[in-house]
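Participant: Quick one: the structure is below, questions incoming.
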Amino acid sequence: MRPHFVTASIIWVLLTAVGEALVFTDLLPVAGSAEAKDFDWIFRFLLILGIPVFTFVIATVGYAMYNFGNSTKPTEDGPAMHGTGMFPKAWLAVTGGLTLLVMVFPGLTGLAQLQRDARGYGWGGETPEMIVRVVGQQWYWQVEYPDANVTIVGQDKEMVLPVDTAIRFEATAKDTIHSLWIPAFRMRIDALPGRTTYMVVKPTQTGEYATDEAYRFQCSQLCGLDHAKMRMTVKVVSKAAFSEWLASQQKTGQ
Amino acid sequence: MYALKSVVSALAAGLIAFYIGLGFAVVMRYSFGYTAWNTEMCISIAWVFGVLGWLLGIGMWGNWVREWIGLDTYGRKAPGWQRYFTFNHDHKVIGIQYLVTFAVVFLLAGLLAMLIRVQLTQPTGGIFSNSQYNAVMTMHGIMMISVAVAAVIGGFGNYAVPLLIGADDMAFPRLNALSYWLIPPVALTLLATPLLGGLDHGWTAYPPLSSAYTSSAQVLFDLAIITFGLTSIVSALNFLVTIIYMRAPGMTWGRLPIFVWSMFVTAWLALLYTQGFAVALLMVLLDRVAGMSFFEAKTGGDPLLYQHIFWFYSHPAVYIMVVPGLGLTLEVIAHFSRKPLFAYRYAVGGLLGILGLSGVVWAHHMFTSGMPNYLHAPILVTTELISIPTGLIFLSALGTIWMGKLWLRTPMLFALAVIFNFACGGVTGIFLADVPTDIHLHDTYFVVAHFHYTIVGGEIFALFAGIYYWFPKMTGRMYNERLARIHFWWMFIGFNLTFFTMHWPGIQGMNRRIAEYPDVLQPVNIAVSVAAFAMGASFLVFVYNMLNSWIRGPVAEANPWDARTLEWQVTSPPPIENFPTPPVIKGHPYDYGVPGSVHATFPSLGGSPAGGGGGGGGGGQ
Numbered sequence: 077m078r079p080h081f082v083t084a085s086i087i088w089v090l091l092t093a094v095g096e097a098l099v100f101t102d103l104l105p106v107a108g109s110a111e112a113k114d115f116d117w118i119f120r121f122l123l124i125l126g127i128p129v130f131t132f133v134i135a136t137v138g139y140a141m142y143n144f145g146n147s148t149k150p151t152e153d154g155p156a157m158h159g160t161g162m163f164p165k166a167w168l169a170v171t172g173g174l175t176l177l178v179m180v181f182p183g184l185t186g187l188a189q190l191q192r193d194a195r196g197y198g199w200g201g202e203t204p205e206m207i208v209r210v211v212g213q214q215w216y217w218q219v220e221y222p223d224a225n226v227t228i229v230g231q232d233k234e235m236v237l238p239v240d241t242a243i244r245f246e247a248t249a250k251d252t253i254h255s256l257w258i259p260a261f262r263m264r265i266d267a268l269p270g271r272t273t274y275m276v277v278k279p280t281q282t283g284e285y286a287t288d289e290a291y292r293f294q295c296s297q298l299c300g301l302d303h304a305k306m307r308m309t310v311k312v313v314s315k316a317a318f319s320e321w322l323a324s325q326q327k328t329g330q
Numbered sequence: 027m028y029a030l031k032s033v034v035s036a037l038a039a040g041l042i043a044f045y046i047g048l049g050f051a052v053v054m055r056y057s058f059g060y061t062a063w064n065t066e067m068c069i070s071i072a073w074v075f076g077v078l079g080w081l082l083g084i085g086m087w088g089n090w091v092r093e094w095i096g097l098d099t100y101g102r103k104a105p106g107w108q109r110y111f112t113f114n115h116d117h118k119v120i121g122i123q124y125l126v127t128f129a130v131v132f133l134l135a136g137l138l139a140m141l142i143r144v145q146l147t148q149p150t151g152g153i154f155s156n157s158q159y160n161a162v163m164t165m166h167g168i169m170m171i172s173v174a175v176a177a178v179i180g181g182f183g184n185y186a187v188p189l190l191i192g193a194d195d196m197a198f199p200r201l202n203a204l205s206y207w208l209i210p211p212v213a214l215t216l217l218a219t220p221l222l223g224g225l226d227h228g229w230t231a232y233p234p235l236s237s238a239y240t241s242s243a244q245v246l247f248d249l250a251i252i253t254f255g256l257t258s259i260v261s262a263l264n265f266l267v268t269i270i271y272m273r274a275p276g277m278t279w280g281r282l283p284i285f286v287w288s289m290f291v292t293a294w295l296a297l298l299y300t301q302g303f304a305v306a307l308l309m310v311l312l313d314r315v316a317g318m319s320f321f322e323a324k325t326g327g328d329p330l331l332y333q334h335i336f337w338f339y340s341h342p343a344v345y346i347m348v349v350p351g352l353g354l355t356l357e358v359i360a361h362f363s364r365k366p367l368f369a370y371r372y373a374v375g376g377l378l379g380i381l382g383l384s385g386v387v388w389a390h391h392m393f394t395s396g397m398p399n400y401l402h403a404p405i406l407v408t409t410e411l412i413s414i415p416t417g418l419i420f421l422s423a424l425g426t427i428w429m430g431k432l433w434l435r436t437p438m439l440f441a442l443a444v445i446f447n448f449a450c451g452g453v454t455g456i457f458l459a460d461v462p463t464d465i466h467l468h469d470t471y472f473v474v475a476h477f478h479y480t481i482v483g484g485e486i487f488a489l490f491a492g493i494y495y496w497f498p499k500m501t502g503r504m505y506n507e508r509l510a511r512i513h514f515w516w517m518f519i520g521f522n523l524t525f526f527t528m529h530w531p532g533i534q535g536m537n538r539r540i541a542e543y544p545d546v547l548q549p550v551n552i553a554v555s556v557a558a559f560a561m562g563a564s565f566l567v568f569v570y571n572m573l574n575s576w577i578r579g580p581v582a583e584a585n586p587w588d589a590r591t592l593e594w595q596v597t598s599p600p601p602i603e604n605f606p607t608p609p610v611i612k613g614h615p616y617d618y619g620v621p622g623s624v625h626a627t628f629p630s631l632g633g634s635p636a637g638g639g640g641g642g643g644g645g646g647q
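Protein sequences, first through last, are from chains A and B. Here my numbering is used: the first residue of the first sequence is 77, the next is one more, and so on. Here my numbering is used: the first residue of the second sequence is 27, the next is one more, and so on.
In structure tokens:
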């Protein structure tokens, strides 16, 4: 039994090494916000933990098929291992321990960072410095900058945001449920009729849809006919450029 | 022809009753002072009449209802294949009815998946308009969900459970027939939805989209799925009573085959939670036809209410799909490893653990739904906990194959594939259970890949394992092993290429249920589509092999796998009463390699032992 166990373990380790290489590949879209950076390392952390679990199964099944497999009917029975000894208990301890780990860290700790208000409806890790109000309706977004009294409405319009500013999106909907999602920020919250949900995002670098399609403000809750078209492009600019843009919008708006 | 007469007369009875119902609805509306015609209300009422008419026509009148008014019942004793088209009470007939029906639904829904993948080879301007795409996507979803809910339970549950526990039939045979014959109207109703404008709300049917902003076809969806839920509840009740009361003498809970345990757990899940889906859809229906306002915020409703009720069923539903698949997998793995099922008690504990936890995890589908923040932490905890009982299933499977004498026939290959696929689906599930990662990944193709890994990889692969495993028992003929292996490797590789690749566009920012997507994601979508076409083509081999083998395959032995469980100790196919003499259970079903162990004897045959003893696998050769 020992040689089988050892060989299979070596295969497991080798497979895991190959699998873990996946962690360092360019899997994720551009990380345009503080929240995206948090997401990215948690994602990679879970990947680092998850890959050995998957490769353990691959190694065991693959090794068993190769070494214990027969294409014709086996002429005798295998050993009568009932699995009533210590092994299942050890298995329970290991799987339970791993579960507790990912539950507490990064699960609950990450959640604690994202939620400040137990009775609220959304994500808010930071104290907001600016508010953007969003209203979803079939099939376009209406984005309002209340401080500047500027509103942008329509499909494929551009939403401009300042860099290094914690922005609180406050969302609601007029008809069906919609969902705010900006892949570059890794943040999402549904917009519901009759309720105001929110998410706080702090963009950390400039970027725009023209060069990176992760900068888009996409409805991600099925809302009917033109759900796929319900999006806006996003452009994150310097604070100065943002003020200029707001001013220009105020002029054209009046 | 008898079969034709049976079905056509039932259809006619259904149609006549439907029109009587329409007339009734119109007259009632008129006499209460409303406009006589209201499409959604009149159709809803007429539909109920129609289904009752269909049921009476297909055999409930003769077999059942006559009894209520003091008349003698009669059953139609159609010969041969024609009995599959009658109100037959035999659990073996009903099992095959379920399997064939849902194989057809599976192939149709798979065809829709192919169309979806054709559309997604182009970022914009594919073969469909947005409304056509939404209809195709919704139909693919709900048809595949129904296959996943009913194929293994209705097919193998009905066929194998009474045989495995040594019973002569289910506890309530007529109820069983009723549960099957409710399905044709459900299928026809779903197929009729394009006539009323098509569905566009996805299989989840979230209001207010479904309750106020979609076509009248939505009421057909509600009626069909509520009825489909009824078949689940009815058959769940039947399974519970059968498993509790109909076990052969000596078939203690500790000797119950693991597939029966999984069906027991599944039946509890279906009985306890299916009402949730039915109630949620009933509320949508009432919003639409009765002017209620459950989900309309403007008039005091709450759109999120639906999601809570809906997922309260629909998360247990994924275990309704996957648990019998896992039970079937362990069943096949034990027989084809020729070893006792490793850690049997832990595996049963795992199944019961899933049963216990599955009712308190529903809101992990709603982490980004705008539900109150205090709900996230407890649901995150319970969701993560479920990986512990699920891990015990892996313990049992991996422990059984380790050091076994594996016979790599097609059922075993599919069962091993389940373990592989479900491990991948389990690992990706962690990303969706942890809120910080779910926020980005929710409603993307990452989720689509994840649930196809768990449901297709975990359950549909098990379904195929079961089809190949019990094919000789069901049909009395052997399938072609070479074609079956070609089907397996083709499907397995195609499946993994399709869905492993599909995680990536999800991470990159492609959301679900969209007919158009950003240009940069076109290459990966083409790759996924090509792999999906390859996977789809593998089913041609399957269909050919099944039809050809069923008609002219070589005659099967009673026990081609040399397995110990009861169904293999009778002829293939089994006699109508299952066991010529009732079995008495003497030992564990999986005690391969245990000297002198016997699973069952048939005492009136002179006590000859059955179920292979210490003689091992060589005895059957």
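Heads up, the beta-carbon is just placed ideally off N, CA and C, and yes, glycines get one too. Just so it is clear, the structure is predicted and the values come from calculations on it, not from any experiment.
1) Which ranges would you report for the alpha helix (DSSP H) in the stretch 189-247 of chain B if only whole runs of at least 4 residues count?
2) Rounded to a whole number of angstroms, what is the C-alpha to C-alpha distance between residue 641 of chain B and residue 584 of chain B?
3) Alpha carbon to alpha carbon, what distance is there between residue 595 of chain B and residue 619 of chain B?
4) Between residue 479 of chain B and chain A, is the shortest Cβ-Cβ distance under 8 Å, so that the two count as touching?
5) First and last residue of the beta strand (DSSP E) that includes residue 238 of chain A?
6) I'd like to know whether the C-beta atoms of residue 552 of chain B and residue 147 of chain B end up nearer to each other than 8 Å.
7) What separation, rounded to the nearest whole angstrom, lies between the Cα atoms of residue 37 of chain B and residue 83 of chain B?
8) Looking only at its chain, what residues have a beta carbon closer than 6 Å to the beta carbon of residue 160 of chain B, apart from the 5 residues adjacent to it on each side?
9) As a quick exercise: from B:442, B:435, B:581, pick the residue whose alpha carbon is nearest that of residue 146 of chain A.
10) Kindly indicate if chain A contains any beta-carbon less than 8 Å away from that of residue 534 of chain B.
11) Secondary structure at residue 116 of chain B, three-state DSSP: helix, strand or coil?
12) If contact means a Cβ-Cβ distance below 8 Å, which residues of the stretch 193-205 of chain A contact chain B?
13) Against residue 268 of chain A, what residues of chain B qualify as contacts under a CB-to-CB distance less than 7 Å, listed in chain order?
14) Is DSSP giving residue 64 of chain B helix, strand or coil here?
15) Can you name the residues of chain B whose CB is closer than 8 Å to the CB of residue 273 of chain A?
16) Please confirm if the stretch 430-446 of chain B is in contact with the stretch 147-158 of chain A, defined as three or more CB-CB distances below 8 Å between the two stretches.
17) How many Å lie between residue 589 of chain B and residue 295 of chain A at the Cα?
18) Quick one: any contact between the stretch 213-223 of chain B and the stretch 514-534 of chain B, if contact means 3 or more CB pairs under 8 Å?
19) Please report whether the beta-carbon of residue 522 of chain B lies at a distance below 8 Å from any beta-carbon of chain A.
20) Check the Cβ-Cβ distances between residue 363 of chain B and every residue of chain A, and say whether any is below 8 Å.
21) Taking Cβ to Cβ, would you say residue 120 of chain B is nearer than 8 Å to residue 206 of chain B?
22) Return the residue from the list B:123, B:266, B:192 that minimises the CA-CA distance to residue 204 of chain B.
23) Hey, is the stretch 602-613 of chain B in contact with the stretch 190-197 of chain B, meaning 3+ C-beta pairs nearer than 8 Å?
24) With a threshold of 8 Å between beta-carbons, can residue 433 of chain B be considered close to chain A, or not?
25) Identify whether residue 258 of chain A lies in helix, strand or coil by the three-state DSSP scheme.
26) Just checking: is the beta-carbon of residue 468 of chain B within a distance shorter than 8 Å of some beta-carbon in chain A?
27) Is it right to say residue 297 of chain A is buried, meaning 16 or more other beta carbons lie within 10 angstroms of its own, or is it exposed?
28) In the stretch 133-154 of chain A, which residues sit with their C-beta less than 7 Å from some C-beta in chain B, listed in chain order?
29) Under a Cβ-count criterion, where at least 16 other Cβ atoms within 10 Å of its own Cβ denotes burial, should residue 315 of chain A be classed as buried or exposed?
30) Of all the options A:91, A:98, A:109, which has the alpha carbon lying nearest to the alpha carbon of residue 242 of chain A?
31) Check for me: the alpha helix (DSSP H) holding residue 167 of chain A runs from which residue to which?
32) Pick from B:579, B:91, B:548, B:387: whose alpha carbon is nearest that of residue 508 of chain B?
33) Kindly list the residues whose CB is nearer than 8 Å to the CB of residue 289 of chain B, restricted to its own chain and excluding five residues on each side of it in sequence; keep chain order.
34) Is residue 43 of chain B near residue 75 of chain B, with beta carbons less than 8 Å apart?
35) Kindly list, in the order they appear in chain B, the residues whose Cβ is closer than 8 Å to that of residue 305 of chain A.
36) Return no unless some Cβ of chain A is closer than 8 Å to the Cβ of residue 598 of chain B.
Facilitator: Reading from the atomic positions:
1) 199-207, 209-218, 235-238
2) With a pLDDT of 38 at residue 641 of chain B, under the threshold of 50, the modelled position of this residue cannot be trusted, and the question is left open.
3) 19 Å
4) no
5) 234-238
6) yes
7) 7 Å
8) 226
9) B:435
10) yes
11) coil
12) 193, 194, 195, 196, 197, 198, 199
13) 329, 330, 396
14) coil
15) 396
16) yes
17) 54 Å
18) no
19) no
20) yes
21) yes
22) B:123
23) yes
24) yes
25) strand
26) yes
27) buried
28) 133, 134, 136, 137, 140, 141, 144, 145, 146, 147, 149, 150, 151, 152, 153, 154
29) exposed
30) A:109
31) 162-178
32) B:579
33) 179, 183, 187, 265, 269, 350, 353
34) yes
35) 156, 542
36) no
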